[in-house]
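Q: Residue numbers (this note's numbering), protein chains in the order written: chain A, 512 to 836; chain B, 4 to 667. Ideal placement from N, C-alpha and C gives every residue a C-beta, glycine not left out. Quantities reported herein were computed from a predicted structural model and do not represent experimental measurements. Take a look at the following structure, please.
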């Protein structure tokens with residue numbers, strides 16, 4: 512049976528994608544594992560020597576014991592990192608001098624270093640991981656928030672580097688973002704204080720391609736659609752601000768005194784603030800996108816004071832241009 | 004061919020250097036300091052318990068006064084027995100199926116927010132996460148959507164009583180290796196009932212509707228992590244199903260009971276159904292690289308193409324009118340079919356250069372483009388006693404195009420070891436086009452986006468005693484999409500943290516957004532400020548005091564046109580709030596090595612402006628250990644909510660919760 516041309520093209524395309532990946536993975540320098548490991552340079556004569564993690568144990572026993580169940584223990588055991596049995600010194604630098612003097616000046620302490628310097632220490636291993644893909648857009652990075660501000664590097668347990676319980680995550684974020692947490696004390700908000708959601712459900716603290724370090728969903732969608740999939744569309748008739756400016760154009764997701772977390776106390780004003788152009792012919796670059804106000808609506812009548820009573824498909828409609836159904 | 008591809012893909016996986024499984028490491032006695040490091044000891048000391056965790060259960064008493072509907076819309080905690088928390092960890096010393104299993108579950112047994120989280124991992128083999136949430140959404144607030152409030156009818160015509168359930172599974176294989184394949188599945192579904200309106204010319208009718216929607220999301224990919232670069236490739240797909248139905252067979256006079264040209268408009272029967280089916284494919288490619296010690300590169304390419312298919316049907320009976328022709332009719336049947344596609348591409352590329360020790364240059368470009376195109380047909384048949392009238396089929400077509408681009412460069416200079424300053428520039432440009440202007444708009448519109456933004460910031464820190472940062476943006480725009488969009492704005496955030504004493508830490512934050520659009524007819528003037536001060540004080544080992552106060556103000560003035568006569572008016576919005584929260588935790592005198600604890604505090608909000616609101620949430624908690632691993636916990640909470648303009652929506656609730664916690 513002859514192979515259809517389209518199918519053949521697809522196979523070729525697939526092959527063109529897969530072959531380079533497989534070839535790159537096998538052939539690129541650094542393969543097999545260990546060949547490209549950043550083996551610590553041999554110390555210059557007179558420079559402090561590496562002494563190994565075991566040397567740290569007698570004085571730092573609590574940290575050492577906790578570290579045994581820490582994810583960073585991997586550094587001690589994995590060859591490819593190049594720090595086998597020297598996990599402590601992978602961050603703190605050679606400990607020979609400090610082991611002799613027991614003076615804290617003789618050892619690096621990332622927690623006391625400038626944030627960027629400390630981050631570079633972490634990024635030695637963590638830069639080339641998907642976690643940090645949004646680092647350049649991260650306000651944490653640009654504001655010099657150190658990795659250790661959120662991650663407890665030595666803490667016990669595999670989940671110990673950062674809090675995992677939602678309430679604990681929120682507590683950690685709120686310790687700096689106090690004003691944001693104050694918004695969550697308002698009546699209409701997402702359920703963070705109740706522990707049903709956490710800040711990282713919506714925000715990526717490591718940075719993101721989206722505004723305000725928002726998480727991405729389904730490649731490049733806003734995180735809102737992870738839970739509100741029914742508002743994702745695409746709709747036959749989109750409400751342009753939803754796509755162009757996001758949910759934050761009308762909602763205050765951290766909390767509001769207004770029902771539905773709206774940014775205005777009454778729905779009509781929120782609508783009319785945009786739908787207030789003078790009727791003009793179609794033009795490029797009008798004062799703003801959005802139609803003229805609805806001329807036959809008497810806003811003194813309660814019937815017309817909440818636009819979404821009629822324009823109920825305000826996030827977009829499948830059948831009505833006026834978002835009525 | 005497929006077999007060959009599969010084999011090729013599996014070669015690198017098989018060739019991976021397996022991490023030394025922790026179980027295979029030989030526990031070794033701690034060597035002397037001078038000895039060379041030997042094999043690592045077992046990460047799991049043999050004395051460790053295989054099961055640890057806690058079980059917290061009890062009974063909650065609730066007493067609600069005032070508006071129960073508002074209480075349910077805001078708090079929604081009920082009375083009855085509850086599983087408040089279950090949290091356990093299983094460590095398998097033989098590391099057969101897993102090294103460690105963590106399970107956390109909270110608020111089961113009738114609470115509106117049920118959560119479960121499971122983490123299972125076998126080091127170097129797999130990492131599995133499961134997250135489940137079941138959240139009740141109840142909303143019935145007559146102040147929000149009650150056109151009949153003036154006639155004494157208290158009804159929220161946009162109300163709902165639904166639940167949303169979210170499940171997410173993710174399995175990473177060979178974590179910590181160079182090649183990490185992963186698979187994920189997520190489901191988000193919602194179901195419930197509500198009140199919606201059925202809209203016709205000259206009247207609309209509140210009707211009950213049932214809601215159901217479900218989104219399944221599948222994705223798989225691979226992380227290729229090397230010392231100098233990383234690539235992630237992901238392919239995913241999603242399906243959507245939404246079935247909303249509104250039905251009624253009872254007489255409904257609607258929101259407008261006044262006869263129209265002498266004829267009463269009403270609804271006597273309705274069957275309305277939305278059948279929405281959607282699917283989406285999406286792809287993701289990410290890379291990071293640091294080919295040289297002084298430069299890092301980042302890039303991502305994201306593509307999705309969701310599409311939906313619509314089957315809509317509507318059959319309504321009663322007395323209706325077509326306004327444009329003043330045609331009175333008794334029934335209508337409408338059918339609609341439509342298909343919409345929305346290819347959406349996003350990409351970014353950037354780098355950080357460190358040409359000198361104290362200088363970093365960060366450059367970042369990103370683009371976001373989507374194009375929605377819809378085509379369909381609506382057929383509408385008007386039924387009148389005299390004869391049936393078939394209206395002209397109405398094409399359902401629309402398009403929305405958005406192209407957004409952003410280029411930013413920033414230079415960071417470490418002036419001293421304690422001070423870093425930065426400055427930069429961002430240019431934002433784009434265009435948008437829409438032909439579906441809402442409410443009798445002028446038709447197709449297109450607009451541009453042009454924004455020049457200056458960036459500045461500084462970070463200062465002296466060890467761990469004092470740290471402060473300032474972040475400032477000043478933007479000037481020549482075009483923006485919407486009247487309320489950011490236009491000429493200044494944005495500032497400042498934060499300082501000071502460890503005043505060893506037992507006292509203070510933090511202050513300040514944020515400001517000032518946005519002005521002086522375009523005639525718009526005259527948008529927006530200013531919001533938030534000032535916050537918090538303190539952590541530990542006066543003794545037994546007492547911890549946390550306190551926080553926030554003052555926020557918001558002012559918004561913008562011109563709009565009064566709809567009926569297009570007369571210019573000013574829309575004013577104000578929201579000035581005082582917010583405070585505090586928690587005092589006291590360790591009470593102990594007995595038999597057990598220490599009871601008392602905590603009390605809570606939060607308050609007092610706001611004035613366009614919707615003056617008070618919301619008080621004081622609480623007190625008592626924890627009394629009865630035995631090792633057994634404690635009695637009690638908590639009292641009060642919720643007091645009041646509104647000046649909508650006093651009928653206020654409520655007061657007393658909640659007392661008591662139970663025991665078993666822990667091991």
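For the pair the stretch 551-567 of chain B and the stretch 471-484 of chain B, tell me if three or more CB-CB distances fall below 8 Å.
A: The answer is no - the stretch 471-484 of chain B does not touch the stretch 551-567 of chain B, with fewer than three Cβ pairs under 8 Å.
Q: Taking the continuous alpha helix (DSSP H) assigned at residue 482 of chain B, which residues delimit it?
A: Here residue 482 of chain B refers to the residue found at position 479 of the second chain. First-last for residue 482 of chain B: 469-482, but that is the beta strand (DSSP E), not the alpha helix (DSSP H).
Q: Would you decide whether residue 614 of chain A is buried or exposed? Buried here means 16 or more other CB atoms lie within 10 Å of its CB.
A: One-based indexing of the first chain puts residue 614 of chain A at position 103. Its Cβ having fewer than 16 others within 10 Å, residue 614 of chain A is exposed.
Q: Give the straight-line distance between the Cα atoms of residue 619 of chain B and residue 317 of chain B, rounded to the nearest whole angstrom.
A: Reading the second chain from its first residue, position 616 is the one you call residue 619 of chain B. Reading the second chain from its first residue, position 314 is the one you call residue 317 of chain B. The straight-line gap from Cα to Cα measures roughly 46 Å.
Q: Hey, quick one: how far does the beta strand (DSSP E) through residue 56 of chain B stretch, first residue to last?
A: Locating residue 56 of chain B in the second chain gives position 53, where the first residue counts as 1. Where residue 56 of chain B is concerned, the enclosing beta strand (DSSP E) stretches over 54-69.
Q: What separation, rounded to the nearest whole angstrom, lies between the Cα atoms of residue 652 of chain B and residue 772 of chain A?
A: Translated into the one-based positions of the second chain, residue 652 of chain B becomes position 649. Translated into the one-based positions of the first chain, residue 772 of chain A becomes position 261. C-alpha separation (whole angstroms): 16 Å.
Q: Which parts of the stretch 641-695 of chain A are runs of the alpha helix (DSSP H), unbroken and 4 residues or longer, counting only runs that do not cross its ends?
A: Runs found: 650-653, 677-687, 689-694.
Q: Look at residue 322 of chain B and residue 267 of chain B and say whether their C-beta atoms are less than 8 Å apart.
A: Along the second chain, read from residue 1 onward, the residue named residue 322 of chain B stands at position 319. Along the second chain, read from residue 1 onward, the residue named residue 267 of chain B stands at position 264. Yes, Cβ-Cβ distance for residue 322 of chain B and residue 267 of chain B is below 8 Å.
Q: What in chain B is Cβ-close to residue 702 of chain A, meaning under 7 Å?
A: As a working mapping, residue 702 of chain A is identified with position 191 in the first chain. Ordered by position in chain B, the residues that pass the 7 Å Cβ test against residue 702 of chain A are 116, 138.
Q: Give a yes or no on whether 8 Å exceeds the smallest Cβ distance from residue 536 of chain A to chain B.
A: Numbered from 1 along the first chain, position 25 holds the residue referred to as residue 536 of chain A. Confidence in residue 536 of chain A is poor, its pLDDT being 44 and thus under 50, which makes the residue's placement unreliable; the coordinate value appears in the next sentence. Residue 536 of chain A counts as touching chain B.
Q: Taking only beta-carbon positions, decide if residue 3 of chain B is within less than 8 Å of chain A.
A: Residue coverage of chain B in this structure runs from 4 to 667, which leaves residue 3 of chain B outside it and unanswerable.
Q: Compute the beta-carbon to beta-carbon distance between residue 411 of chain B and residue 455 of chain B, rounded to the nearest angstrom, for a pair I have assumed lies under 8 Å.
A: As a first step, residue 411 of chain B must be located in the second chain, where it is residue number 408. As a first step, residue 455 of chain B must be located in the second chain, where it is residue number 452. Residue 411 of chain B to residue 455 of chain B, Cβ: 11 Å. No contact.
Q: For residue 516 of chain B, which of B:490, B:503, B:384 has the nearest alpha-carbon?
A: Here the question's residue 516 of chain B lines up with position 513 in the second chain. For residue 516 of chain B, the nearest C-alpha among the options comes from B:490.
Q: In three-state DSSP terms, what is residue 40 of chain B?
A: Counting from one through the second chain, the residue named residue 40 of chain B turns up at place 37. Per-residue confidence for residue 40 of chain B stands at a pLDDT of 36, beneath the threshold of 50, marking its modelled position as unreliable; the derived number appears in the next sentence. Correct three-state label for residue 40 of chain B: coil.
Q: Starting from residue 325 of chain B, follow the beta strand (DSSP E) in both directions and report where the run begins and ends.
A: Counting from one through the second chain, the residue named residue 325 of chain B turns up at place 322. First-last of the beta strand (DSSP E) with residue 325 of chain B: 298-325.
Q: Please tell me whether residue 298 of chain B has its Cβ less than 8 Å away from any Cβ of chain A.
A: Numbered from its first residue, the second chain carries residue 298 of chain B at position 295. No, residue 298 of chain B does not count as interfacial toward chain A.
Q: Under 8 Å, Cβ to Cβ, is there at least one residue of chain B near residue 684 of chain A?
A: The residue labelled residue 684 of chain A in the question sits at position 173 within the first chain. No, residue 684 of chain A lies away from the interface with chain B (no Cβ there is under 8 Å from its Cβ).
Q: Rounding to the nearest angstrom, what Cα-Cα distance links residue 674 of chain B and residue 676 of chain A in this structure?
A: Because chain B is modelled from 4 through 667, residue 674 of chain B falls outside the range shown and cannot be assessed.
Q: So that I know if they touch, is there some Cβ in chain B lying closer than 8 Å to that of residue 801 of chain A?
A: Here residue 801 of chain A corresponds to residue number 290 of the first chain, with the count starting at 1. With 8 Å as the cut-off, residue 801 of chain A counts as an interface residue toward chain B.
Q: Nearest chain B C-beta to residue 804 of chain A closer than 8 Å, yes or no?
A: The residue labelled residue 804 of chain A in the question sits at position 293 within the first chain. Yes - at least one Cβ of chain B is within 8 Å of the one on residue 804 of chain A.
Q: Using a cut-off of 7 Å between C-beta atoms, extract the partners of residue 381 of chain B located in chain A.
A: Working through the second chain from its first residue, we reach residue 381 of chain B at position 378. Those are 830, listed as they occur along chain A.
Q: What did DSSP end up calling residue 591 of chain A once you bin it into helix, strand or coil?
A: Residue 591 of chain A sits at position 80 when you count from the first residue of the first chain. Correct three-state label for residue 591 of chain A: helix.
Q: Do you know whose CA, among A:656, A:696, A:575, A:666, lies nearest residue 78 of chain B's CA?
A: What you label residue 78 of chain B is simply residue 75 of the second chain in a count that begins at 1. The residue with the shortest Cα to Cα distance from residue 78 of chain B is A:696.
Q: With three or more beta-carbon pairs closer than 8 Å as the criterion, would you say the stretch 527-536 of chain B touches the stretch 797-809 of chain A?
A: The stretch 527-536 of chain B is not in contact with the stretch 797-809 of chain A.
Q: Consult DSSP for residue 748 of chain A and reduce its assignment to one of helix, strand or coil.
A: As a working mapping, residue 748 of chain A is identified with position 237 in the first chain. Of the three classes helix, strand and coil, the one that applies to residue 748 of chain A here is strand, per DSSP.
Q: What residues in its chain sit with their C-beta under 6 Å from that of residue 655 of chain B, if we drop five residues either side in the sequence?
A: As a working note, residue 655 of chain B is residue 652 in the second chain. Excluding residues within five positions, the ones whose Cβ falls inside 6 Å are 68, 69, 643.
Q: Given residue 208 of chain B, which residues of its chain have a CB within under 6 Å of its CB, disregarding the five upstream and five downstream residues?
A: Mapped onto the second chain, residue 208 of chain B falls at position 205. 201, 255, 257, 270, listed in sequence order.
Q: Which residue's Cα is closest to the Cα of residue 719 of chain A: B:378, B:304, B:133, B:137?
A: By one-based count along the first chain, residue 719 of chain A stands at place 208. When only C-alpha atoms are compared, the closest one is B:304.
Q: Flag this pair as touching only if the stretch 170-184 of chain B and the stretch 288-302 of chain B have three or more C-beta atom pairs under 8 Å; answer yes or no.
A: They do not touch, by the three-pair rule.
Q: Is the shortest distance between the beta-carbon of residue 205 of chain B and the beta-carbons of chain A less than 8 Å?
A: Numbered from its first residue, the second chain carries residue 205 of chain B at position 202. Output row for residue 205 of chain B: interface = no.
Q: Does residue 606 of chain A have its Cβ less than 8 Å from a Cβ in chain B?
A: By 1-based counting over the first chain, the position of residue 606 of chain A is 95. Chain B contact via Cβ: absent.
Q: For residue 362 of chain B, count neighbouring Cβ atoms within 10 angstroms of its own Cβ and tell me buried if that reaches 16, exposed if not.
A: As a first step, residue 362 of chain B is located in the second chain; it is residue number 359 there, counting from the start. By the neighbour-count rule (16 or more Cβ atoms within 10 Å), residue 362 of chain B is not buried but exposed.
Q: Taking all protein chains shown into account, decide if residue 594 of chain B is buried (16 or more other Cβ within 10 angstroms of its Cβ) or exposed.
A: The residue labelled residue 594 of chain B in the question sits at position 591 within the second chain. It counts as exposed.
Q: Can you tell me which residues form a DSSP beta bridge with residue 494 of chain B?
A: As a first step, residue 494 of chain B must be located in the second chain, where it is residue number 491. In the DSSP output, where bridge partners are listed per residue, residue 494 of chain B has B:476, B:516.
Q: What does residue 217 of chain B pair with, by DSSP beta-bridge criteria?
A: Working through the second chain from its first residue, we reach residue 217 of chain B at position 214. In the DSSP output, where bridge partners are listed per residue, residue 217 of chain B has B:192, B:244.
Q: Using the rule of at least 16 other Cβ atoms within 10 Å of the residue's Cβ for burial, across every protein chain shown, is residue 99 of chain B buried or exposed?
A: Position 96 of the second chain, counted from the first residue, corresponds to residue 99 of chain B. Result: exposed.
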